[in-house]
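**Q** This is the structure I want to talk about, given as structure tokens.
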Amino acid sequence: MLQWFDNAPRRILALISLACVAMLAFGMYLQHVVGLEPCPMCIVQRYALIGVALFTGLGSVRGGRGWLISWGVLALVAAGFGAFVAARQSWLQWYPPEFATCGRDFYGMIENYSISRAVPMIFRGSGDCAAVDWSFLGGSIANWSFICFAIMSVAVLVLLVRGAARRR
6 MLQWFDNAPR RILALISLAC VAMLAFGMYL QHVVGLEPCP MCIVQRYALI
56 GVALFTGLGS VRGGRGWLIS WGVLALVAAG FGAFVAARQS WLQWYPPEFA
106 TCGRDFYGMI ENYSISRAVP MIFRGSGDCA AVDWSFLGGS IANWSFICFA
156 IMSVAVLVLL VRGAARRR
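Shown next as structure tokens:
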């Protein structure tokens, strides 16, 4: 199986990019069709997914080893950051704080702030990061997001390590 990492690194990067796009599409489905409000941590995870998708997509298109390593390192950083945020949100869900939440409600933002301050807040998300609004096989969205980011991180790391070993 590890030979596939040696023989088709660009395909693996393309599959990771495609998986990120699918996860983003599923997030949009949950938001716009199911009606779940994303929290600020969910929005940050979406940005991390966009970064991983962009970097792995560019790595799969560019042919040279230097480009592959450069885009791979950037994808690894973005995936690691996304895993960190997802792990933190999972922690908040398992051990919710008594008073603080990480989101504001939409109408409170519009009523209390000027439009120039409220619009950026809207794009930060308004759901509660500690709330579990959806689950699959016992895992919340944050739990599954962490697992996906971890798998992506390991796959990119294996690509980078095996690519560096081949260079010697």
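The working numbering numbers the first residue of the sequence shown as 6 and each following residue consecutively.
No residue lacks a Cβ here, since even glycine has one placed at the ideal position from N, Cα and C.
Whole angstroms is fine: what's the gap from L73's alpha carbon to G64's?
**A** Working through the sequence shown from its first residue, we reach residue 73 at position 68. Working through the sequence shown from its first residue, we reach residue 64 at position 59. Near 5 Å, if we compare the C-alpha coordinates of G64 and L73.
**Q** Let me check you understand the geometry: is the CB of L59 closer than 7 Å to at least one non-hydrogen atom of the ligand SAM?
**A** With respect to the ligand SAM, the structure offers nothing, as it holds no ligand at all.
**Q** Taking the C-alpha atoms as reference points, what is the distance between S158 and R51?
**A** Here residue 158 refers to the residue found at position 153 of the sequence shown. Here residue 51 refers to the residue found at position 46 of the sequence shown. So the two alpha carbons sit approximately 16 Å from each other.
**Q** Would F151 and S95 qualify as a contact pair, given that the criterion is a beta-carbon distance under 8 Å?
**A** The count along the sequence shown starts at 1 and reaches residue 151 at position 146. The count along the sequence shown starts at 1 and reaches residue 95 at position 90. Contact: yes.
**Q** Below 8 Å on the Cβ atoms is my guess for G62 versus S22; work out the distance and round it to an integer in Å.
**A** For this step, residue 62 is matched to residue 57 along the sequence shown. For this step, residue 22 is matched to residue 17 along the sequence shown. Yes, they are in contact, since the Cβ atoms of G62 and S22 sit about 4 Å apart, within 8 Å.
**Q** Enumerate, from N- to C-terminal direction, the unbroken alpha helix (DSSP H) stretches of 4 or more residues contained entirely within the region 27-85.
**A** Entirely contained in the region 27-85, the alpha helix (DSSP H) runs reaching 4 residues are, in chain order, 45-66.
**Q** Measure the alpha-carbon distance for V49 versus R167 and round it to whole angstroms.
**A** The residue you call residue 49 lines up with position 44 of the sequence shown. The residue you call residue 167 lines up with position 162 of the sequence shown. The alpha-carbon atoms of V49 and R167 are separated by roughly 30 Å.
**Q** In its own chain, which residues sit with a C-beta less than 6 Å from the C-beta of D138, not counting the 5 before and 5 after it?
**A** Here residue 138 refers to the residue found at position 133 of the sequence shown. Closer than 6 Å at Cβ, skipping near neighbours: L41.
**Q** Does L20 come out as helix, strand or coil in the three-state DSSP assignment?
**A** On the sequence shown, residue 20 is found 15 positions in, with the first residue counted as 1. Three-state DSSP puts L20 in a helix.
**Q** Measure the alpha-carbon distance for Y112 versus H37 and round it to whole angstroms.
**A** Stepping through the sequence shown from its first residue, residue 112 is reached at position 107. Stepping through the sequence shown from its first residue, residue 37 is reached at position 32. Any answer about Y112 is weak, because its pLDDT of 47 lies below 50 and its placement is not dependable; what the coordinates show is given next. Rounded to the nearest angstrom, the two C-alpha atoms are 18 Å apart.
**Q** Can you list, in chain order, the residues of its chain with a C-beta nearer than 7 Å to that of A147? Leave out the 5 residues immediately preceding and following it.
**A** Residue mapping note: residue 147 aligns to position 142 of the sequence shown, counting from 1. A91, Q94, S95, Q98, listed in sequence order.
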